[in-house]
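Structure first, then comments.
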Amino acid sequence: MKMKIRWQYEYKGRKAEFESDWLTKEHVLPIIEDFQKGGRMKSVAIVDELLNEWTVKEFKKLDQQLDEEPGEVEVYFDGGYDRHTRMASIGVVVYYKKNGQHWRLRRNDRLMQLESNNEAEYAALFRAIEALEELGVHHVPVVFHGDSQVVLKQLSGEWPCFEESFSQWLDRIEQKINDLGIEPLYQPIDRRKNKEADKLADQALQEVFVNSHSVIEE
Numbered sequence: 001m002k003m004k005i006r007w008q009y010e011y012k013g014r015k016a017e018f019e020s021d022w023l024t025k026e027h028v029l030p031i032i033e034d035f036q037k038g039g040r041m042k043s044v045a046i047v048d049e050l051l052n053e054w055t056v057k058e059f060k061k062l063d064q065q066l067d068e069e070p071g072e073v074e075v076y077f078d079g080g081y082d083r084h085t086r087m088a089s090i091g092v093v094v095y096y097k098k099n100g101q102h103w104r105l106r107r108n109d110r111l112m113q114l115e116s117n118n119e120a121e122y123a124a125l126f127r128a129i130e131a132l133e134e135l136g137v138h139h140v141p142v143v144f145h146g147d148s149q150v151v152l153k154q155l156s157g158e159w160p161c162f163e164e165s166f167s168q169w170l171d172r173i174e175q176k177i178n179d180l181g182i183e184p185l186y187q188p189i190d191r192r193k194n195k196e197a198d199k200l201a202d203q204a205l206q207e208v209f210v211n212s213h214s215v216i217e218e
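Be aware that the sequence shown starts at 1, since it is given in the working numbering, and climbs by one per residue.
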């Protein structure tokens, strides 16, 4: 989670207010401690990406809590559909940070009773959000990467949705996101940049199933 520092500074009886750029939470306390050494910092507050404001004392508790919960979450998802077999597949990859370590979850599956590649994309995103719930992700920003313009543009509200089956998926996804308190950021990407999730979806159609969750070695 990114943070900003807002502080009030006094010099020769005059006060001024400043705000930093977005910082990783690891940089917040060292910067504040350095400012405080000068003795002119009169007040300071920390603001997170959800616009919550914290005192230094509150932030220290929050900092410890954030280390123990998933943060810096990024999701890659992809759906596949074979018209001949009418079989759909999904691929999901979740990257996040917890307790100072970087983690990766990879998962795929085959699905029946879906009718198109776009519906498979919706199903993949919904399964990704279910994975976030399993990991304990809540009340943090999450970046969702996918190569389906239809899904991401409709979720962001940029494109209307007229298909009833898609609307049902939209409602389910939005409800789950609201339940988890997630602040979503939808980022359409080129298929080449989504190759990990794309490969998982292809493997599922070939009945090669993956379900892994591990620390990423630096």
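The C-beta atom is built at its ideal place from N, Cα and C for all residues, glycine as well.
- For a cut-off of 8 angstroms, the C-beta gap from residue 20 to residue 37 is around 17 angstroms, too long to register as a contact.
- Residue state for residue 202 is assigned as helix, using DSSP reduced to three classes.
- If you draw a straight line from the Cα of residue 160 to the Cα of residue 154, it is about 6 angstroms long.
- If one requires a minimum length of 3 residues, the beta strand (DSSP E) runs lying completely within the region 108-150 are 141-146, in chain order.
- Beta-bridge annotation (DSSP): residue 104 is paired with 95 and 214.
- Within the DSSP secondary-structure output, residue 75 pairs in a beta bridge with 94 and 144.
- Cα atoms of residue 96 and residue 141: separation of roughly 11 angstroms, rounded to the nearest angstrom.
- Note that the C-beta distance between residue 146 and residue 67 is not below 8 angstroms.
- DSSP places residue 28 inside the alpha helix (DSSP H), whose first and last residues are 25-37.
- For residue 120, the closest of 81, 137, 162 and 133 by C-alpha to C-alpha distance is 81.
- Annotation for residue 182: 142 place their beta carbon closer than 6 angstroms to its own, counting only its chain and skipping 5 residues before and after.
- In this structure, the CA atom of residue 184 is about 25 angstroms from the CA atom of residue 60.
- Nearest in C-alpha terms to residue 189, of all of 70, 75 and 42, is 75.
- Under DSSP, residue 47 forms a beta bridge with 4 and 53.
- Distance from the CA of residue 196 to the CA of residue 164, rounded to the nearest whole angstrom, comes to 30 angstroms.
- Under the three-state reduction of DSSP, residue 20 is assigned to coil, being neither helix nor strand.
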